[in-house]
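Each residue of the sequence shown is one higher than the one before, starting from 0 at the first, in numbering that gives the first Met the number 0. In what follows, a single structure is set out as structure tokens and then discussed.
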Amino acid sequence: MQDQAKLSQLLDLYFEAYQQVTKIMTGLVTWPLTQHKLSLEQFLILRRLTFDKPVTLSDIANQRQVTRSAISRQIKALLAQNYISQEPDPEDRRRLYLHLTSEGAQTEKLVDQAITAHFGAWVQELGTSQVEEMIAQFQLIDQRINQLQTQTDAANLKYHQ
0 MQDQAKLSQL
10 LDLYFEAYQQ
20 VTKIMTGLVT
30 WPLTQHKLSL
40 EQFLILRRLT
50 FDKPVTLSDI
60 ANQRQVTRSA
70 ISRQIKALLA
80 QNYISQEPDP
90 EDRRRLYLHL
100 TSEGAQTEKL
110 VDQAITAHFG
120 AWVQELGTSQ
130 VEEMIAQFQL
140 IDQRINQLQT
150 QTDAANLKYH
160 Q
């Protein structure tokens, strides 16, 4: 086990870095999103609908590893803004496919352009290799934490049997 003082120091550094990076990353997307009354989650749904077809609410929930009700709230807001529409599956009318409206496609394009321009400035400043390295580290951390969570869940399941 790690020395308690070192662990505490690492935790403090983590919190500080997390707060600063989160503030910076939020700044990247906040302005373009607020101009179109979108949350980041809603924009990511629009982005998914731009590139993937057909898509259902369940597909998005599974990809994001969140509940269907969490995605349903985002879908309702996008429907209310006329950014998306729903179309029943002819084979199973309970299954609804999500589609971008022309207004949704235009909004996704404008927000994406603004975010891409801002992100491009970061890449220019930091360099492509450093940004790729940072992304690779995020992906590695995500993978390792998911593995740890799976192991913890399995151990807890055995404990309760």
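Ideal Cβ positions, reconstructed from N, Cα and C, are used throughout, including at glycine.
Less than 7 Å separating the beta-carbons of residue i and residue j?
{"i": "Gln41", "j": "Gln64", "result": "no"}
{"i": "Leu97", "j": "Ile83", "result": "yes"}
For residue i and residue j, which I take to be in contact (beta-carbon distance under 8 Å), what is that distance rounded to the nearest angstrom?
{"i": "Arg67", "j": "Ser57", "result": "6 Å"}
{"i": "Leu27", "j": "Ile114", "result": "6 Å"}
{"i": "Leu48", "j": "Leu99", "result": "5 Å"}
Once DSSP output is grouped into helix, strand and coil, what is the label at residue i?
{"i": "Thr151", "result": "helix"}
{"i": "Val130", "result": "helix"}
{"i": "Asp175", "result": "Past the boundaries of the shown model lies residue 175; the chain is included only from 0 to 160, so the question cannot be answered."}
{"i": "Gln64", "result": "coil"}
Return the CA-CA distance between residue i and residue j, expressed in angstroms with no decimal places.
{"i": "Gln123", "j": "Ser71", "result": "37 Å"}
{"i": "Met133", "j": "Met24", "result": "13 Å"}
{"i": "Gln34", "j": "Asp111", "result": "12 Å"}
{"i": "Asn81", "j": "Ala116", "result": "26 Å"}
{"i": "Ala154", "j": "Glu107", "result": "43 Å"}
{"i": "Lys5", "j": "Thr149", "result": "26 Å"}
{"i": "Asn61", "j": "Asp51", "result": "14 Å"}
{"i": "Gln142", "j": "Thr151", "result": "14 Å"}
{"i": "Tyr13", "j": "Glu86", "result": "45 Å"}
{"i": "Ala69", "j": "Ala79", "result": "16 Å"}
Please specify which runs of the beta strand (DSSP E), each continuous and at least 3 residues long, are wholly inside the stretch 77–121, giving them in chain order. 83–87 and 95–99
Taking the runs of the beta strand (DSSP E) that are 3 residues or longer, which of them lie wholly in the stretch 8–60? none
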